[in-house]
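Below: the structure, in structure tokens.
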Amino acid sequence: DGAWPGLGAACAACAACAACAAACARAPNFVRRADGNISDAYDFDAQLLGEGAFGSVFQGRHRQSGVIRAIKTVPKGGGREANLALRREIEIMQQMDHAHIVRLFDFYEDRRSLHLAMELCEGGTLFDRIAKARRFPEDEAALVTRQILRAASYMHSNHLAHRDLKPENFLFLGSGGIQDDVLKLTDFGLARYCPLGQMLRSHVGTPTYMAPQQVSGTYDTKCDMWSIGVIMYILLSGKPPFLADTEFETLDKVRLGQWKFAGACWGQVSDDAKSLVKTLLRMSPKLRATAEDALDHAWIRSLASRASRRSIDAEVVGRLRSFETHNRLKRAALGIVARDLDDSSIRPLRQAFEALDKNQDGKLSAAEINEGIQRSGLEACSIDIERLIANVDANGSGAVDYAEFLAATLDPESVLTEGVLRKAFAIFDQDGDGRISPQELQNVLAIADDIRRGCSQSIAQIMQEVDTSGDGTIEFDEFMELMCSSIRGPSPRVLRVHRAGSGFGTVGGA
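Using mature numbering (1 follows the signal peptide of the UniProt record, and there is no 0), the letters of the sequence shown map in sequence onto residues -22 to -1, 1 to 488.
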């Protein structure tokens, strides 16, 4: 209830989340506990986006970058257990790096509340869309299910069970049609790390979507697959498979795990769709489909056939290859910038990543990148794939994660506005004096580089390269020169006139 302790320590204190602390030690991320009052950093819209037992959500515009965020404000007066749960949720969200999971950017703390600056999703919840449409056409249901499965595949490959997958916890990024929109998973308050061979025992979740093993017994990440089966059942029929008047009666029905395709509407649903529902709602977790199995199901594959033919663009390959020429500061800064870009800025890159990610685990292996290059018609043999991955792989996982891919392939000419770069600069400028000292540079790069391979460039070498004035620090102008050095056309000094609201105003948010 007092000062906010180190998040890693708070999470490690919970035996159920010991694996979380280990994950935190490996992942270099720039989600930070920001200093100062959140009202000094954001201008707030009076419109309330949401309100519940957790607190309130408002829209806020970051003053430096112009980026619009959803600001979730949570009171700290809920007692020790509630505060620990919130800290654990932040810890987990810091590690999430996936196109279909809502991003956490910064968090602020004052005496009474914690404020989370998160990705703004303006299209409402999946629950809202279901309530309006009642039933989804199969093609739209398949698009939604595929995005849910991609998020689940990523979580489960990282041994994370969400334990509360339901339509209310999926948000649409925009307000367009299902065909063009992006679905994002949120609310990790009940999520827990569940390494292979270990089981969870807490009976938590939302009754309608809980797996039988969550009601009585032990379970693992397969509990989420049951929940996805329930969501898919609702998308196709407009009703849940377990109908009852009370939560107690619902839990009784869920515990038995007995259901059927009830109603005339199922006569209009394809056999492939019903087959996938059956594999997801199997009583035995051992027989229940994994997320990877479900993504490879005929119903999903038929939807994805066009996407699977996509190749990697030659320009994207060129950026991946040239990433190794950047110094450590520029690589880390591009990673920060990539986290701040909205979907409109990175949509082609997101689509390229998803097309390359053949097994849908949220990471690109050497084999997946090699296959994409071959489909593009480029000479894969002339590209050292292992070296390419080693240069882009910031967290030492042996693969290219989503944010790493974005950092290495983003188009600097279209996204590096002054506001975006000032926000990245502020990450390095830890004392806020407008300069990056060698010690500040060391502090941040220690986070980004401690497990990166092949980064032998010293702080002194970076300072010598970037500190053109020779005053022993890196000022914003010098930082800007470094970041814009590869841009053709307008010089970096000309580029500075572009503010977040003048021509590049949509940058930010994802």
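Here a beta-carbon is modelled for each residue, glycine too, at the ideal position from N, C-alpha and C.
- Query: Near Ala381, what residues of its chain come up, given a Cβ to Cβ distance below 7 Å and the 5 sequence neighbours on each side ignored?
  - Reply: The count along the sequence shown starts at 1 and reaches residue 381 at position 403. Contacts found: Asp75, Gly313, Ala316 and Arg317.
- Indicate the three-state DSSP secondary structure (helix, strand or coil) for Leu121 in the structure shown. Against the sequence shown, residue 121 aligns to sequence position 143. The answer is helix: DSSP assigns Leu121 an H, G or I state.
- Query: Where does Gly245 sit, in a helix, a strand or coil, going by DSSP?
  - Reply: In the sequence shown, the residue the question calls residue 245 occupies position 267. Looking at Gly245 - three-state DSSP - the assignment turns out to be helix.
- Message: In whole angstroms, give me the CA-to-CA distance for Glu346 and Leu26.
- Response: Translated into the one-based positions of the sequence shown, residue 346 becomes position 368. Translated into the one-based positions of the sequence shown, residue 26 becomes position 48. Their Cα atoms are separated by approximately 43 Å.
- Item | Own chain residues within Cβ distance below 7 Å of Leu178, not counting five before or after | For the purposes of this step, residue 178 is taken as the residue at position 200 of the sequence shown. Once the five neighbours on either side are set aside, the close Cβ partners of Leu178 are Ala139, Arg170, Cys172, Thr196, Tyr197 and Asp198.
- Using three-state DSSP, classify Ala63 as helix, strand or coil. Here residue 63 is taken as the residue at index 85 of the sequence shown, counted from 1. Three-state result, Ala63: helix.
- Query: Does the stretch 243 to 250 come within contact of the stretch 296 to 307, defined as at least 3 CB pairs closer than 8 Å?
  - Reply: no
- Message: Using only the alpha-carbon positions, how far apart do Glu87 and Tyr20 sit?
- Response: In the sequence shown, the residue the question calls residue 87 occupies position 109. In the sequence shown, the residue the question calls residue 20 occupies position 42. Going from the Cα of Glu87 to the Cα of Tyr20 covers about 14 Å.
- Task: Under 8 Å by Cβ, that's how I've got Glu302 and Asn373 pegged, so tell me the actual separation to the nearest angstrom.
- Result: The count along the sequence shown starts at 1 and reaches residue 302 at position 324. The count along the sequence shown starts at 1 and reaches residue 373 at position 395. About 17 Å; that fails the 8 Å criterion.
- Exposure of Pro145, with buried meaning 16 or more beta-carbon neighbours within 10 Å: Residue mapping note: residue 145 aligns to position 167 of the sequence shown, counting from 1. Pro145 should be labelled buried.
- Query: With burial defined as no fewer than 16 other Cβ atoms inside 10 Å of the residue's Cβ, what is the status of His134: buried or exposed?
  - Reply: Against the sequence shown, residue 134 aligns to sequence position 156. The residue in question, His134, is buried, as its Cβ has 16 or more Cβ neighbours within 10 Å.
- Got a sec, what are the start and stop residues for the beta strand (DSSP E) Ala77 sits in? By one-based count along the sequence shown, residue 77 stands at place 99. No beta strand (DSSP E) holds Ala77; DSSP gives it neither H nor E.
- Sequence-distant residues of its chain with Cβ nearer than 6 Å to Met261 (five each side left out): For the purposes of this step, residue 261 is taken as the residue at position 283 of the sequence shown. Closer than 6 Å at the Cβ level, and outside the excluded window around Met261, lie Gly235.
- Task: Just the C-alpha distance for Ser153 and Glu459, rounded to the nearest angstrom, thanks.
- Result: Residue mapping note: residue 153 aligns to position 175 of the sequence shown, counting from 1. Residue mapping note: residue 459 aligns to position 481 of the sequence shown, counting from 1. Whole-angstrom Cα-Cα distance: 38 Å.
- Message: With a threshold of 7 Å on Cβ separation, who are the neighbours of residue 505 within its own chain once the five nearest residues in sequence on each side are excluded?
- Response: In the structure as shown, the chain begins at -22 and stops at 488. Residue 505 is therefore absent and cannot be evaluated.
- Query: Does the stretch 56 to 67 touch the stretch 104 to 123, meaning 3 or more C-beta pairs lie closer than 8 Å?
  - Reply: no
- If you follow the beta strand (DSSP E) that Thr228 is part of, which residue opens it and which one closes it? On the sequence shown, residue 228 is found 250 positions in, with the first residue counted as 1. Counting along the chain, Thr228 falls outside any beta strand (DSSP E), though it belongs to the alpha helix (DSSP H) covering Glu225 to Leu234.
- Task: Would you list the residues sitting across from His134 in a DSSP beta bridge?
- Result: Residue 134 sits at position 156 when you count from the first residue of the sequence shown. According to DSSP, His134 bridges with nothing at all.
- Just the C-alpha distance for Glu396 and Glu118, rounded to the nearest angstrom, thanks. The count along the sequence shown starts at 1 and reaches residue 396 at position 418. The count along the sequence shown starts at 1 and reaches residue 118 at position 140. If I take the Cα positions, the gap works out to 39 Å.
- Message: With distance defined between alpha-carbon atoms, name the residue in Arg41, Ile361 and Gln191 nearest to Lys264.
- Response: For the purposes of this step, residue 264 is taken as the residue at position 286 of the sequence shown. Measuring from the Cα of Lys264, the nearest candidate turns out to be Gln191.
- Among the residues of its own chain, which have a CB less than 6 Å from the CB of His137, if the five just before and after it don't count? Taking the sequence shown and counting its residues from 1, the one referred to as residue 137 is at position 159. So the list reads Tyr171, Cys172 and Pro173, once near-sequence residues are dropped.
- Message: For the beta strand (DSSP E) containing Pro53, name the first residue and the last one.
- Response: Position 75 of the sequence shown, counted from the first residue, corresponds to residue 53. Ile46 to Pro53 is the extent of the beta strand (DSSP E) around Pro53.
- Residue from Leu384, Thr451 and Ala385 with nearest C-alpha to Gly415: To locate residue 415, count along the sequence shown from 1; it is residue 437. The residue asked about is misnamed: residue 415 is Ser in this sequence, not Gly. Taking only the C-alpha atoms, the option nearest Ser415 is Thr451.
- Item | His93 and Phe85 closer than 8 Å at C-beta | Sequence index remark: in the sequence shown, residue 93 carries index 115 (1-based). Sequence index remark: in the sequence shown, residue 85 carries index 107 (1-based). Their beta carbons are under 8 Å apart, which means His93 touches Phe85 by this criterion.
- Query: Roughly how many angstroms separate the alpha carbons of Glu270 and Ser131, rounded to a whole number?
  - Reply: For the purposes of this step, residue 270 is taken as the residue at position 292 of the sequence shown. For the purposes of this step, residue 131 is taken as the residue at position 153 of the sequence shown. About 6 Å.
- With a CB to CB cut of under 6 Å and the five nearest residues on each side skipped, what residues in its chain are close to Leu168? In the sequence shown, residue 168 corresponds to position 190, counting from 1. Taken in chain order, the residues that qualify are Arg141, Asp142 and Val182.
- Message: Which same chain residues end up closer than 6 Å to Gly216 when comparing Cβ atoms and leaving out the 5 residues on each side of it in sequence?
- Response: Taking the sequence shown and counting its residues from 1, the one referred to as residue 216 is at position 238. Arg112 and Arg113, listed in sequence order.
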